[in-house]
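Trainee: Following my numbering, the numbering of the sequence shown begins with 1450 at its first residue and continues without gaps.
What follows is a single structure, and I will ask about it in a moment.
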Amino acid sequence: MNYQTILTSVEDAVLTITINRPDKLNALNQMVLTELALVIDDFIAHPVLRSAIITGSGEKAFIAGADISEFSGLDAATGTGLAQKGQQLFARIENAPKPVIAAVNGFALGGGCELAMACHFRIASENAKFGQPEVNLGLLPGYGGTQRLTRLIGKGRALELLLAGTMIDAVTAFNYGLVNRVVPQAGLLAEARSVLTVINTKAPLAVAACIEAANLTDAPGKTGYEKEAESFGQLIATDDAREGIAAFMEKRKAEFRGS
Ligand code: COA
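Written as structure tokens, this is what we have:
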């Protein structure tokens, strides 16, 4: 399928999703949100694709935020509606049963930082910069940033970024635990693919269950521990777990089938 604001490519069951508005530093306008939702739904439903990378076009920006030029016509109701649209899409990414990781290749500001945080984890290039500068516009992050940033880096550090609207560089983001590793820009996508190639050899149902349980850490109601125990029991009865355990005992490589 062809999109106006997004490029996609597939290599070894890994889908690369590139937000493609480099002249606007890949700012998330309504069209990007709509098209990204379609791409993510296709990815989740696709029988062959196992994992995805989200990145930005060009060498300067991952995503420099929501498209500020679309903000001026908003009122209280449409503003809430826009934030809810973004939150729903980012929750869909966070709850995807297959890994989605962010390859952050430059500015990840505002909605760009929020999108990166909705991914299951993040790898950054050395020139990456992170921030939630909405306060500079008299706003706050609307796509889950106040929640996910606080969870990922702790309340004190999160509130400093949220309140001062300042940016941090890739090394600081690594020290804060916001990104898993920092690599030269030229090797960023290769690094992301290499991590996913390893994950893609694992049992798909176990991968999905890990994501679901980890996401429940912060959810109300049934606790992550309860869900973890329930999923462990479900997984232990699957063919893939039987195969994985047998392969370990027989000192051979497991062949997982997704059942
Ligand atoms: N929304 C809309 N357009 C954006 C944008 C955004 N979030 N971020 C950048 N752009 C546009 C700029 O308006 C400019 O367009 P133009 O060439 O038509 O004027 C183009 O992208 C390049 O950006 P520019 O500001 O010229 O690049 P820079 O290198 O001088 O600065 C940034 C880079 C990221 C520091 C700066 O663009 C910026 O502060 N962007 C906004 C970040 C932000 O507040 N995000 C949160 C939004 S809620």
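Positions of the beta carbon are idealized from the N, C-alpha and C atoms, including for glycine.
Remember, it's a predicted structure, so these values are computed and weren't measured experimentally.
May I ask you to verify whether the region 1644-1660 touches the region 1516-1536, counting CB pairs closer than 8 Å and requiring at least 3?
Mentor: No: the two stretches stay apart, fewer than three of their Cβ pairs being nearer than 8 Å.
Trainee: Run through DSSP, which three-state label would M1450 get?
Mentor: Looking at M1450 - three-state DSSP - the assignment turns out to be coil, as it is neither helix nor strand.
Trainee: Under the DSSP definition of a beta bridge, which residues are partnered with S1500?
Mentor: Its beta-bridge partners are V1463.
Trainee: So is G1560 buried or exposed if we call it buried at 16+ other beta carbons inside 10 Å?
Mentor: Burial call: buried.
Trainee: Can you give me the Cβ contacts of H1569 inside the same chain, cut-off strictly under 7 Å, excluding the 5 residues immediately before and after it?
Mentor: Closer than 7 Å at the Cβ level, and outside the excluded window around H1569, lie P1548, V1549, I1550, I1660.
Trainee: Enumerate, from N- to C-terminal direction, the unbroken beta strand (DSSP E) stretches of 3 or more residues contained entirely within the region 1474-1540.
Mentor: DSSP runs (the beta strand (DSSP E)) wholly in the region 1474-1540: 1500-1505, 1510-1512.
Trainee: K1534 to L1485, Cα distance in whole Å?
Mentor: Rounded to whole angstroms, K1534 to L1485 spans 12 Å at the Cα level.
Trainee: Would you list, in sequence order, the uninterrupted alpha helix (DSSP H) runs of no fewer than 4 residues that lie entirely inside the region 1572-1642?
Mentor: Qualifying alpha helix (DSSP H) stretches, in chain order: 1594-1602, 1604-1613, 1619-1625.
Trainee: What are the partner residues of S1458, as DSSP defines its beta bridges?
Mentor: BP columns for S1458 point to T1465.
Trainee: Confirm the yes/no value for this check: CB of E1583, any heavy atom of the ligand COA, distance under 8 Å.
Mentor: True, at least one ligand heavy atom lies under 8 Å from that Cβ.
Trainee: Could you say which of T1465, L1601, I1685 lies nearest to V1628 if we only look at CA atoms?
Mentor: For V1628, the nearest C-alpha among the options comes from L1601.
Trainee: V1459: buried (16+ other C-beta within 10 angstroms of its C-beta) or exposed?
Mentor: Label assigned to V1459: exposed.
Trainee: Taking 9 Å as the threshold (C-beta atoms), are L1608 and T1621 in contact?
Mentor: No.
Trainee: Here's a check: name, in chain order, each residue in its chain whose Cβ is nearer than 7 Å to the Cβ of T1595, leaving out the five neighbours to either side.
Mentor: Answer for T1595: L1589, L1611, listed in chain order.
Trainee: Might you give, ordered along the chain, the residues of its own chain that have their beta carbon closer than 8 Å to the beta carbon of F1705, omitting 5 neighbours on each side?
Mentor: The residues are T1650, K1651, A1652, P1653, D1689, E1692, G1693.
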